[in-house]
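Only one structure is covered here, and it is reproduced in the block below.
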Amino acid sequence: LLQDELTHHLDIVEVQIAKQVSQKSGAFFHAMTSHDTIMEQMGIAYNEIRLLRDKIQKIDKTLAKDSLRLIGLARSKMNHYKLVNKFKLMSIVLQTQPTLQLLLSSSDYVGALELITSTQEVLAKELAGVTSLRHLPSQLKEMSKLIDKMLTTEFERYAAADLHRPFDHNNSVLEQERLVSLVAGLLRQNHLNFLEIYKQEAITAVQTLLKQLMIEQLADVEDCLTGSGEIAPIMETDNWLKVVIAASEACGKLIQRVKCVHDVIKDVSDTTAGLDQESFLSLEDHNRVEIKLKDLLISICDYCHERLASIVSTQTDKQTIIPNQILQLSKIVDDFTDFCERICGKQCAALRASFKIQAGNYVHKFHAQRKNKLTLLLDAERWKVADVPYEIQQLVDQLALGTVIKSLPNTQEPTPALRIGIQNYTTVGTVLILIRLVCEYCVCAYNLQLLSSIIGRNLIELLRTFNSRCCQLVLGAGALRTAGLKTITSTNLALTSRSLQMVLWMLPHIRAHFSYLTNDQLNGLDGVEKDIGHHIQQLETKILSIMNTLLSDQLNDWDAKPPVPSKTFRNVSRHLTKLHEAVSSVLPDEQICDIYEVIHKNFKSRLRDQLIKINIQNNGGPQHGLVTTEIIFYLETLKQLKILPDKYLSDKAMDDIW
């Protein structure tokens, strides 16, 4: 059954094939015809290709082959040339280590580092992949690290040798070529911490230097030195000042030595900053070096200031400093501070602050001693006229001229009174001492201008003390107890007044002197001037009070009776004459005239009251005649004294008593 079915299918396929063949018979016969044409065309093409190949072979043989051979030979020559150069380069590279040894032996660190860098670049580029040189880069790297260590070690040795060598008159740099080579190498490696190394070594040198100075000054003192030399022991003033002087000089020389090295490093830095950034110092690194160099100078100057300040601060209040010593110390501090400011461009404050404390202690003791001296002198003052030493006259002349008082003159023969312009000032001895004390304050302020405002305020306190104590002793009669005076006379009062006028005259000159030294206006002088002026007024009032009392007491018992002049008016004349004798050689004529004008006015007023009391009138009677005679006697006394103007001495000047 299956076979029949398959046979059936086969028949169907054959029928379909026959059908298809019959349908495509035209295309089949066309293809056969085309095949013959194509075969014919292919034969023609084959023959043409064979002819073309023959022609190309002839052209290649005659034109191209020799030329290409020449090009190949030229390329081969170039390759051989490059190979020879490679071998030469390898030969040079292999000489790197011996060359490095030679450069290092001559301290040419920059050359050695440049050689390592250039060799590493050659190995990384031109000789990359050369098996025989594969270990050389690591060796060069180790050599570079070794040079880094050598540079650091050598610079540390150089710093120690430079900073710890003895001082000489020549401030030249130690082995400058060696320093330049080391600095250039360190900058080439960008190892900027070498400046910190130098700074620390400089600090160590300062410590060693100061410790050695202490040992030399205190060779006999045991257990007084510290390990670092930073805390100075207490010593006598002379030795202390010697140490300060020696320490400031030594620190100055050391700072100058550091400045010389600083200048060399700066020059090298400036030079290297202009080179290629990848090979040498970049502008950014150059700025960092500039900052570190400036910090080096500032740090050393600050440290020296701190150490000197510690030495200065060891002087205690128990140890006496004389004026010459504090002046010398002031000059040392000013000179060293100015020197450091010129070196580092910054004002260091530590030493000046320490000096200010010492100077403040000195000024306090200076003021206390003079204030105590003035108080003792005032308590012992007899309130009598004193001769004026020539040195005091000179000091007053300097004040009058407005000259800044810088020193005190020598003593010569004394004079009776102080001469200022056309006026004479007759004063007590204490005022003469006060003038010298005032000038001592002025000199002290000139020498210690840092504390001139404090000294000025102390002087104001001294003047205020003088004025108040004078008031207590004279107006308050304290001199009766302290100096043993029996009474306070008009002469005492006049001398006190004139003495205070002398002090009052000095005040504007004191202000002018201190205005030259400080910006402080010393407004306290205004209060002193006001107090002294009020005190002078009180003294004049006291003199007038005494005279009014004396004259009033005389007139109380007076009556117009013979004889004429009466005892009362003779006593009045005597009191007026004695007062004139007491004040004429002390007070100026203008003030005496003012005093007598008031006395004359008060006398007339009191006389008028007495005339009213005893009922005497201006009627031309006998009693009126007696009174007129008494008045003439009174006026004659005033005329003899030659103190009042004529308008007060005429007969009509007394008409207002009636």
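Using the working numbering, read the sequence shown as starting at 2 and increasing by one per residue.
Backbone N, C-alpha and C fix where the C-beta goes; we use that ideal spot for every residue, glycine too.
On a predicted model such as this, the values are computed, not experimentally measured, just so you know.
Taken in chain order, the unbroken stretches of alpha helix (DSSP H) that lie wholly in the stretch 512-595 and span 4 residues or more are 525-557, 568-584.
Per DSSP, the beta-bridge partners of T416 are V389. Per DSSP, the beta bridge partners of I421 are Q424. Under the DSSP assignment, L11 falls in the alpha helix (DSSP H) whose first and last residues are 3-24. Rounded to the nearest whole angstrom, the CA to CA distance from P564 to E382 is 45 angstroms. Using a 10 angstroms sphere on the CB of Y304, the tally of other CB atoms reaches 16 or more, which defines it as buried.
Secondary structure at S173: coil, using DSSP grouped into helix, strand and coil. Note on P390: 16 or more other CB atoms within 10 angstroms of its CB, so buried under the neighbour-count rule.
With respect to the 8 angstroms criterion, V439 and I511 are classified as neighbours on the basis of their beta carbons.
With 16 or more other CB atoms across the displayed protein chains lying within 10 angstroms of its CB, N468 is buried. With a contact defined as Cβ atoms closer than 8 angstroms, V429 and L464 miss out at about 16 angstroms. For V429, there is no enclosing alpha helix (DSSP H), as DSSP marks it with neither H nor E. For the 8 angstroms CB-CB criterion, D163 and L152 do not form a contact. In the assembly as shown, N448 is a buried residue. Its beta-carbon has 16 or more other beta-carbons within 10 Å. With contacts defined as CB atoms closer than 8 angstroms, V184 and I266 qualify as a contacting pair. In the structure shown, the three-state DSSP call for I600 is helix. Rounded to whole angstroms, the gap between the alpha carbons of L636 and K487 is 33 angstroms.
If you draw a straight line from the Cα of L496 to the Cα of I216, it comes to about 60 angstroms. Taking a cut-off of 8 angstroms for Cβ pairs, the stretch 546-560 and the stretch 602-609 touch, as three or more such pairs fall below it. Pairing A247 with L214 gives a Cβ-Cβ distance under 8 angstroms.
Look at I301 here: in three-state DSSP terms it is helix. Between I658 and L627, the CB-CB gap reaches or exceeds 8 angstroms. Looking at the backbone, the Cα of L328 and that of S145 are separated by about 58 angstroms.
Excluding residues up to 5 positions away in sequence, T273, L282 lie with their Cβ nearer than 6 angstroms to the Cβ of L188 in the same chain. Collapsing the DSSP output to three states places A220 in coil. Taking the Cβ atoms as the reference, F634 lies roughly 6 angstroms from F570, within the contact range of under 8 angstroms.
Contact between L508 and V529 holds, since their C-beta atoms are separated by about 7 angstroms, short of 8 angstroms. Listed in chain order, the non-local C-beta contacts of L556 below 7 angstroms within the same chain comprise T569, R607, L608, Q611, local neighbours out to five positions each way being set aside.
With distances taken between CA atoms, S500 lies nearest to A387 out of L451, E178, A387.
P646 sits in coil when the DSSP states are folded into three classes, being neither helix nor strand. DSSP, read as helix, strand or coil, puts N619 in coil. When secondary structure is reduced to three states using DSSP, H192 falls in the coil class, being assigned neither helix nor strand. DSSP, reduced to helix, strand and coil, places T238 within a helical segment of the structure shown. Per the coordinates, the alpha-carbon of V584 lies some 59 angstroms from the alpha-carbon of S249. For V364, the uninterrupted alpha helix (DSSP H) run begins and ends at 351-381, by DSSP.
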